[in-house]
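K.L.:
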């Protein structure tokens, strides 16, 4: 099996995952997973597709991720890895799809409008 390349996105974060057969090492932006995503919640999100498909010790994953914050980046990495697991074995799709791991979350930040304080907040109206 050669290296599988997949892209995942979330808000403004973009993750490019390269999945190759190996021992289960996950490298993100040339750092170890535990050093890049320091909280257990974010590490769980990244490993979720591997754990659900029982592939947590079968593949070495290298990820380049940029844009957004750490939560958006973690979810972008999760989507990229989920897509790669589906290409490894089509049976994995039946496991990942019900968990919602193959769905691109379309929610983006709403833009600020002219004449308003924020995207939806208005300036206070005062009656004198």
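Numbering (my numbering), first residue to last: -2 to 125. C-beta: ideal position from N, C-alpha, C; glycine also.
(1) Cutting at 6 Å between CB atoms, please list the residues of its own chain near residue 15, excluding the five before and the five after it.
(2) If you measure between the beta carbons of residue 4 and residue 46, is that distance less than 7 Å?
(3) Is the beta carbon of residue 10 closer than 7 Å to that of residue 97?
(4) So for residue 38, helix, strand or coil by DSSP?
(5) For residue -2, is the classification buried or exposed, using 16 other Cβ atoms within 10 angstroms of its Cβ as the cut-off for buried?
(6) Look at the Cβ atom of residue 62, then the Cβ atom of residue 48, and state whether they are nearer than 7 Å.
(7) Please report the distance separating the alpha-carbon of residue 69 from that of residue 120.
(8) Please classify residue 93 as buried or exposed, where buried requires at least 16 other C-beta atoms within 10 Å of its C-beta.
(9) Roughly how many whole angstroms lie between the Cα atoms of residue 80 and residue 32?
(10) In the DSSP output, which residue or residues are listed as bridge partners for residue 61?
(11) Determine the burial state of residue 91: buried for a count of at least 16 other Cβ atoms within 10 Å of its Cβ, exposed for fewer.
(12) Is it right to say residue 82 is buried, meaning 16 or more other beta carbons lie within 10 angstroms of its own, or is it exposed?
(13) Going straight from the alpha carbon of residue 53 to that of residue 21, what length do you get?
P.N.:
According to the data block:
(1) As a first step, residue 15 is located in the chain shown; it is residue number 18 there, counting from the start. Beyond the five residues adjoining it in sequence on each side, residue 15 comes within less than 6 Å, by CB distance, of 0, 2 and 59 in the same chain, given in chain order.
(2) For the purposes of this step, residue 4 is taken as the residue at position 7 of the chain shown. For the purposes of this step, residue 46 is taken as the residue at position 49 of the chain shown. Not a contact, by the Cβ cut-off of 7 Å.
(3) On the chain shown, position 100 is the one that residue 97 refers to. On the chain shown, position 13 is the one that residue 10 refers to. No, the Cβ-Cβ distance between residue 97 and residue 10 is not below 7 Å.
(4) Within the chain shown, numbered from 1, the residue matching residue 38 stands at position 41. Note: residue 38 maps to helix in three-state DSSP.
(5) Position 1 of the chain shown holds residue -2. By the neighbour-count rule (16 or more Cβ atoms within 10 Å), residue -2 is not buried but exposed.
(6) Translated into the one-based positions of the chain shown, residue 62 becomes position 65. Translated into the one-based positions of the chain shown, residue 48 becomes position 51. 7 Å or more divides the Cβ of residue 62 from the Cβ of residue 48.
(7) The count along the chain shown starts at 1 and reaches residue 69 at position 72. The count along the chain shown starts at 1 and reaches residue 120 at position 123. C-alpha separation (whole angstroms): 30 Å.
(8) Counting from 1 along the chain shown, the entry for residue 93 is found at position 96. Residue 93 should be labelled buried.
(9) By 1-based counting over the chain shown, the position of residue 80 is 83. By 1-based counting over the chain shown, the position of residue 32 is 35. Here the C-alpha atom of residue 80 lies approximately 24 Å from the C-alpha atom of residue 32.
(10) Position 64 of the chain shown, counted from the first residue, corresponds to residue 61. Residue 61 pairs with 13.
(11) Reading the chain shown from its first residue, position 94 is the one you call residue 91. By the 10 Å Cβ count, residue 91 comes out exposed.
(12) Along the chain shown, read from residue 1 onward, the residue named residue 82 stands at position 85. Classification of residue 82: buried, given that the 10 Å Cβ count is 16 or more.
(13) Locating residue 53 in the chain shown gives position 56, where the first residue counts as 1. Locating residue 21 in the chain shown gives position 24, where the first residue counts as 1. One C-alpha to the other measures close to 6 Å.
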